[in-house]
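Undergrad: One structure coming up, written as structure tokens, with questions to follow.
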Amino acid sequence: MILEKINSLRAEIEAAQASTPEDVEQLRIKYLSKKGAMNALMADFRTVPGDMKREVGQKINELKEFATARINSLRNAYASSATQVEEEIDLTRTATPAGLGTRHPLSIVRNEMLRIFADMGFTIAEGPEVEDDWHVFESLNFPPDHPARDMQDTFFISRDPKDILLRTHTSSVQTRVMESVKPPIRIVCPGRVYRNEAISARAHCFFHQVEGLYIDKNVSFADLKQVLLGFARRMFGPETRIRLRPSYFPFTEPSAEMDISCDICGGKGCAFCKGTGWVEILGCGMVDPNVLEACGIDSKVYTGYAFGMGIERITNLKYKVKDLRMFSENDVRFLRQFESAK
Ligand code: DAH
Numbered sequence: 118m119i120l121e122k123i124n125s126l127r128a129e130i131e132a133a134q135a136s137t138p139e140d141v142e143q144l145r146i147k148y149l150s151k152k153g154a155m156n157a158l159m160a161d162f163r164t165v166p167g168d169m170k171r172e173v174g175q176k177i178n179e180l181k182e183f184a185t186a187r188i189n190s191l192r193n194a195y196a197s198s199a200t201q202v203e204e205e206i207d208l209t210r211t212a213t214p215a216g217l218g219t220r221h222p223l224s225i226v227r228n229e230m231l232r233i234f235a236d237m238g239f240t241i242a243e244g245p246e247v248e249d250d251w252h253v254f255e256s257l258n259f260p261p262d263h264p265a266r267d268m269q270d271t272f273f274i275s276r277d278p279k280d281i282l283l284r285t286h287t288s289s290v291q292t293r294v295m296e297s298v299k300p301p302i303r304i305v306c307p308g309r310v311y312r313n314e315a316i317s318a319r320a321h322c323f324f325h326q327v328e329g330l331y332i333d334k335n336v337s338f339a340d341l342k343q344v345l346l347g348f349a350r351r352m353f354g355p356e357t358r359i360r361l362r363p364s365y366f367p368f369t370e371p372s373a374e375m376d377i378s379c380d381i382c383g384g385k386g387c388a389f390c391k392g393t394g395w396v397e398i399l400g401c402g403m404v405d406p407n408v409l410e411a412c413g414i415d416s417k418v419y420t421g422y423a424f425g426m427g428i429e430r431i432t433n434l435k436y437k438v439k440d441l442r443m444f445s446e447n448d449v450r451f452l453r454q455f456e457s458a459k
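Residue numbering for the sequence shown follows the working numbering, beginning at 118 and increasing consecutively.
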């Protein structure tokens, strides 16, 4: 009797299936718990005649081991198939396939510019786009009501006093760094700037600049010229020539604007360079002692140079983009053209 029971239980357990952890638990309760089938067998065992106890006892033990192993293996099978499913389905993917974008031309050119300056030992510094009058104008030697402010009209955040505004140039980051770090300072500052301009093919109310600043003992105009020549040659090719024309910025003295030889006509003169053979790319100069002093740097000990250029301008020269507005219209037919330019 009891041997038959053992055999039929074994067949039953062997055929048992489970597809969820709850199923496995039900099987465990049915066979291995206190009120389960194995314990019921032990009750029957008491009635087994003495000479058969050994044999039957051994069979019961074997069945118990078999049942435990079977239930464990069902549990493991479920657990491993669950992890397999997790591996196959990436739950972080978007439901609708999103096309892979391309890098924006301004990002491509900005990264290239920063790479060149990083190789020359410049580190990157950044500052806020919403600035105060001190960092954008006053500290940079633009006194209130000075006509130099007319060149850089902007958008004001506060009305009275008109003290909080959108920065018109990344030169404001110069001040922020000079106020907080002791020389030597060698930084480039990339970022977005704003001006109150009518939007056209050649002007926009926001654009991007990279500013450079080097402050140390004995920094000269020759150092500035060498760094800018090195930059121009890596950016536009080893044959590129530069020329510096005297100019005016409140925060540098002397100041200059730099032209590079036109890479379309090689300097002979064409429509692009308006027959001059040169195209303007940046402003630069020796940092005015007033600026150093405003930022707490002793102008009798330290000198320095600064330069600033528009990323759109450099990008236009590299890729001959004729209309500035293309950069912010998000037209993929325009943006995709730079895919291979990385
Ligand atoms: N901040 C100037 C502008 O936006 C560009 C500039 C000119 C930056 C000369 C400089 C500099 O650091 O030395 O027009």
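Idealized CB from N, CA, C, for every residue including glycine.
The structure presented is a predicted model; accordingly, all values stated were derived computationally and were not measured.
#1: Taking the alpha helix (DSSP H) that G347 falls in, what are its first and last residues?
#2: Output needed for R187: all residues of its chain with C-beta closer than 6 angstroms, excluding positions within five of it in sequence on either side, in chain order.
#3: Spatial neighbours of E456 within its chain, please: C-beta separation below 6 angstroms, excluding the five flanking residues on both sides.
#4: Within the stretch 172–249, note down every full beta strand (DSSP E) run reaching 3 residues or more, in order along the chain.
#5: Tell me which residues share the same chain as K459 and place their Cβ nearer than 7 angstroms to its Cβ, disregarding the 5 neighbours each side in the sequence.
#6: Assign K459 to one of three DSSP states: helix, strand, or coil.
#7: Quick check: the stretch 344–354 against the stretch 224–243, are at least 3 beta-carbon pairs closer than 8 angstroms?
#8: Where does the unbroken beta strand (DSSP E) through V396 begin, and where does it stop?
#9: Cα-Cα, which of F366, N407, R171 and T357 is closest to K385?
#10: What is the rounded straight-line gap between the Cα of W395 and the Cα of D340?
#11: Given a cut-off of 7 angstroms on the beta-carbon distance, is the pair V310 and R293 in contact?
#12: Determine the extent of the beta strand (DSSP E) in which S416 is found, giving its start and end residues.
#13: With a threshold of 16 other CB atoms inside 10 Å of the CB of V438, please say whether the residue is buried or exposed.
#14: Quick one: using the 10 Å Cβ neighbour count with 16 as the cut-off for buried, is Q326 buried or exposed?
#15: Kindly list the residues whose CB is nearer than 7 angstroms to the CB of F254, restricted to its own chain and excluding five residues on each side of it in sequence; keep chain order.
#16: Is the Cβ-Cβ distance between E314 and G425 less than 7 angstroms?
#17: Flag C322 as yes when its Cβ comes closer than 6 angstroms to any non-hydrogen atom of ligand 3, and as no otherwise.
#18: Count the other C-beta atoms from every protein chain shown that fall within 10 angstroms of the C-beta of L217, then say buried if there are 16 or more, exposed otherwise.
TA: Result, derived from the coordinates:
#1: As a first step, residue 347 must be located in the sequence shown, where it is residue number 230. Counting along the chain, the alpha helix (DSSP H) containing G347 begins and ends at F338 to F353.
#2: Numbered from its first residue, the sequence shown carries residue 187 at position 70. Excluding positions up to five away in sequence, the list reads I130.
#3: Mapped onto the sequence shown, residue 456 falls at position 339. Cβ-Cβ distances below 6 angstroms link E456 to T219 in the same chain, with the five nearest sequence neighbours on each side left out; the list follows chain order.
#4: Correct list: 247–249.
#5: Locating residue 459 in the sequence shown gives position 342, counting from the first residue. The pLDDT assigned to K459 is 47, lower than 50, so where the model puts this residue is not dependable; a value taken from the coordinates is nonetheless given after this. For K459, same chain residues with a beta-carbon under 7 angstroms away, outside a window of 5 residues either side, are R220 and I225 in chain order.
#6: By 1-based counting over the sequence shown, the position of residue 459 is 342. Low confidence applies to K459: its pLDDT is 47, below 50, so where it sits in the model is not reliable, and the reading given next is rough at best. Coil, per DSSP.
#7: Yes, they touch.
#8: The residue given as residue 396 occupies position 279 in the sequence shown. Looking at the DSSP string, the run of the beta strand (DSSP E) that includes V396 is W395 to V404.
#9: Taking the sequence shown and counting its residues from 1, one reaches residue 385 at position 268. Nearest of F366, N407, R171 and T357 to K385, Cα basis: T357.
#10: Locating residue 395 in the sequence shown gives position 278, where the first residue counts as 1. Locating residue 340 in the sequence shown gives position 223, where the first residue counts as 1. One C-alpha to the other measures close to 22 angstroms.
#11: In the sequence shown, the residue the question calls residue 310 occupies position 193. In the sequence shown, the residue the question calls residue 293 occupies position 176. Not in contact: V310 and R293 (Cβ atoms no closer than 7 angstroms).
#12: Working through the sequence shown from its first residue, we reach residue 416 at position 299. Membership of S416 in any beta strand (DSSP E) is not indicated, and neither H nor E is assigned to it by DSSP.
#13: Here residue 438 is taken as the residue at index 321 of the sequence shown, counted from 1. Buried.
#14: Within the sequence shown, numbered from 1, the residue matching residue 326 stands at position 209. By the 10 Å Cβ count, Q326 comes out buried.
#15: For the purposes of this step, residue 254 is taken as the residue at position 137 of the sequence shown. In chain order, R266 place their CB closer than 7 angstroms to the CB of F254, counting only its own chain and leaving out the 5 sequence neighbours on each side.
#16: On the sequence shown, position 197 is the one that residue 314 refers to. On the sequence shown, position 308 is the one that residue 425 refers to. Taking 7 angstroms as the cut-off, the beta carbon of E314 is found no closer than this to the beta carbon of G425.
#17: Because ligand 3 does not appear in the structure shown, any question about it cannot be addressed here, the ligands present being ligand 1.
#18: As a first step, residue 217 is located in the sequence shown; it is residue number 100 there, counting from the start. Per the 10 Å Cβ criterion, exposed.
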